[in-house]
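Chemist: Protein chains in written order, with our numbering: chain A, 1 to 131; chain U, 1001 to 1181.
Cβ atoms here follow ideal geometry from the backbone N, Cα and C, with glycine treated the same way.
Pasting a structure below so you can have a look.
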Amino acid sequence: MAYSDKVIEHYENPRNVGTLDKNDPNVGTGLVGAPACGDVMRLQLKITDEGVIEDARFKTFGCGSAIASSSLVTEWVKGKTVDQAMTISNKDVARELALPPVKIHCSVLAEDAIKAAIEDFKKKRATRQQP
Amino acid sequence: MRTHFDVFGLPRAYDVDVPALEKQYRELSLQLHPDRQAGASARERLEAAERTTALNEAFKTLKDPVRRAFYLLKLHGVDLDREDAGAQKDMPMEFLEEVMTLREALDDAMAARNVAQARGMATDVEARRRAALAEAAEALRALEGSGDGAQVRKASHALGRLRYFTRFLEQVDAFEEEVLA
């Protein structure tokens, strides 16, 4: 199966690899996995109190498509509001990277990771706002 | 739907007598062999070929304890091989965190070219993989004759863990091959 040039490019030069402080109240962490292949993906978003994503980091243990999918979404979410980021769908990722059908689950992982990270951030904020 | 168990006339159960299965497989293969279809019509020969494919697939799945477990779970409604979302959100978060930690530790060992450390981690993960399969088998046996949702979930989580452990072990194997090459 042939990887697209975009997948290769992200695989060789992944953007925003790393970690953010998961205890920072402005950091949301999304951790997702795929039992179809046994891969894991962690996406962290640093979100301002106004709900703008100012930084993103990822760490993915998986195939080239999983790494490219997570690398791509870290680029996409930066500067977006939480609501805008929630609208990113796996289809957008799969189209951009020209993923073949057997690799669609990699893009699903990336979408799930964004949603999980935002959910984690919202949960933290809700806890913080409690008296 | 004709299941792999139906192909061999077996009950839908986790425990399979593999030597008996192999014997039956050879007999059935022989019956369907093209040499035996000499006087048969085109339709009959075509059907024999299709049944051979089904027989091979059923044998491959049932003789292997891991494939058999995943297949039985699928018959109970949970397909862990699905490429789209669904099952994947079901794993407990603590477990995914543990996998992440394991994979990060393995990454460090690989960066340091430390085969002994990677092998040590693999030994531990292999034991946990065996335990996960045993737990899945236990849940699948408990499901025979009844559709208990809690047991389906137990089997699904155990086989999910097995998948992640398998992936980890593949990584260690690849690393060892690379270093020793």
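Given this structure, state the Cα-to-Cα distance separating residue 1142 of chain U from residue 1064 of chain U, to the nearest angstrom.
Modeler: Each residue's Cα considered, the two are about 20 Å apart.
Chemist: Can you name the residues that DSSP bridges to residue 41 of chain A?
Modeler: Partner(s): A/32, A/60.
Chemist: By a C-beta neighbour count over all protein chains shown, 10 Å radius and 16 as the cutoff for buried, is residue 1087 of chain U buried or exposed?
Modeler: Note on residue 1087 of chain U: pLDDT 45, under 50, position unreliable in the model; no value is reported.
Chemist: Which full runs of the alpha helix (DSSP H) of 4+ residues lie inside the segment 1014 to 1060 of chain U, going along the chain?
Modeler: If we require 4 residues or more, the alpha helix (DSSP H) runs fully inside the segment 1014 to 1060 of chain U come out as 1018 to 1032.
Chemist: Pull up the distance between the alpha-carbon of residue 30 of chain A and that of residue 80 of chain A, whole angstroms please.
Modeler: Residue 30 of chain A and residue 80 of chain A: Cα-Cα distance of roughly 17 Å.
Chemist: Could you pull out every residue in the same chain whose Cβ sits closer than 6 Å to the Cβ of residue 1059 of chain U, ignoring the five residues on either side in sequence?
Modeler: Here the set comprises 1025.
Chemist: Can you give me the Cβ contacts of residue 1147 of chain U inside the same chain, cut-off strictly under 8 Å, excluding the 5 residues immediately before and after it?
Modeler: Closer than 8 Å at the Cβ level, and outside the excluded window around residue 1147 of chain U, lie 1076.
Chemist: According to DSSP, simplified to helix, strand and coil, what is residue 91 of chain A?
Modeler: It is helical.
Chemist: So, is the C-beta of residue 1075 of chain U closer than 7 Å to a C-beta in chain A?
Modeler: No, no contact with chain A.
Chemist: Could you spell out the range, first to last residue, of the alpha helix (DSSP H) harbouring residue 1004 of chain U?
Modeler: Unbroken alpha helix (DSSP H) run through residue 1004 of chain U: 1004 to 1007.
Chemist: Could you tell me which chain A residues have their CB closer than 8 Å to the CB of residue 1216 of chain U, listed as they occur along the chain?
Modeler: Outside the displayed range of chain U (1001 to 1181) lies residue 1216 of chain U, so it cannot be described from this structure.
Chemist: With DSSP as the reference, identify every bridge partner of residue 46 of chain A, one or two as the case may be.
Modeler: Bridge partners of residue 46 of chain A: A/27, A/55.
Chemist: Along chain A, in chain order, which residues have C-beta atoms closer than 9 Å to that of residue 1166 of chain U?
Modeler: Those are 38, listed as they occur along chain A.
Chemist: Could you check whether the segment 63 to 78 of chain A touches the segment 93 to 112 of chain A, counting it as contact only if at least three pairs of C-beta atoms, one from each stretch, sit closer than 8 Å?
Modeler: Yes, the segment 63 to 78 of chain A is in contact with the segment 93 to 112 of chain A.
Chemist: What distance in whole Å lies between the Cβ atoms of residue 1165 of chain U and residue 1132 of chain U, which are believed to be in contact at a cut-off of 8 Å?
Modeler: With 8 Å as the limit, residue 1132 of chain U and residue 1165 of chain U qualify as a contact, their Cβ atoms being about 6 Å apart.
Chemist: With C-beta atoms as the reference, is residue 1154 of chain U less than 7 Å away from residue 1174 of chain U?
Modeler: Their beta carbons are not under 7 Å apart, which means residue 1154 of chain U does not touch residue 1174 of chain U by this criterion.
Chemist: If I'm right that residue 1021 of chain U touches residue 1005 of chain U with Cβ under 8 Å, what's the distance once you round it to whole angstroms?
Modeler: With a Cβ gap of about 11 Å, residue 1021 of chain U and residue 1005 of chain U do not count as contacting.
Chemist: In whole angstroms, give me the CA-to-CA distance for residue 1119 of chain U and residue 1158 of chain U.
Modeler: Cα to Cα, residue 1119 of chain U sits roughly 23 Å from residue 1158 of chain U.
Chemist: Tell me which same chain residues have a C-beta within less than 6 Å of the C-beta of residue 1129 of chain U, skipping the five on either side of it?
Modeler: Here the set comprises 1162, 1165.
Chemist: Please say whether residue 66 of chain A and residue 60 of chain A have beta carbons closer to each other than 7 Å?
Modeler: In this structure, residue 66 of chain A lies closer than 7 Å to residue 60 of chain A by Cβ.
Chemist: Chain A partners of residue 1160 of chain U, CB-CB under 7 Å?
Modeler: Here the neighbours are 35.
Chemist: Mapping DSSP to helix, strand and coil, what is residue 1125 of chain U?
Modeler: Three-state result, residue 1125 of chain U: helix.
Chemist: Please return the same chain residues whose Cβ sits closer than 6 Å to the Cβ of residue 52 of chain A, not counting the five positions on each side in sequence.
Modeler: Closer than 6 Å at Cβ, skipping near neighbours: 81.
Chemist: How far does the alpha helix (DSSP H) with residue 1109 of chain U in it extend, from its first residue to its last?
Modeler: Segment 1093 to 1111, the alpha helix (DSSP H) holding residue 1109 of chain U.
Chemist: Please report the straight-line C-alpha distance between residue 1078 of chain U and residue 1096 of chain U, rounded to a whole angstrom.
Modeler: In a straight line, the C-alpha of residue 1078 of chain U is about 19 Å away from that of residue 1096 of chain U.
Chemist: Is there a C-beta anywhere in chain A that falls below 7 Å from the one on residue 1064 of chain U?
Modeler: With 7 Å as the cut-off, residue 1064 of chain U does not count as an interface residue toward chain A.
Chemist: Near residue 1137 of chain U, which residues of its chain fall below 6 Å by C-beta distance, leaving aside the five closest residues on each side in sequence?
Modeler: Taken in chain order, the residues that qualify are 1014.
Chemist: Could you compute how far the alpha carbon of residue 1011 of chain U sits from the alpha carbon of residue 1017 of chain U?
Modeler: Each residue's Cα considered, the two are about 12 Å apart.
Chemist: Quick one, are the C-beta atoms of residue 33 of chain A and residue 1121 of chain U less than 7 Å apart?
Modeler: Going by C-beta atoms, residue 33 of chain A is not nearer than 7 Å to residue 1121 of chain U.
Chemist: Report the residues of the segment 38 to 65 of chain A with a CB closer than 8 Å to any CB of chain U, ordered along the chain.
Modeler: Those would be 38, 39, 40, 42, 59, 61, in chain order.
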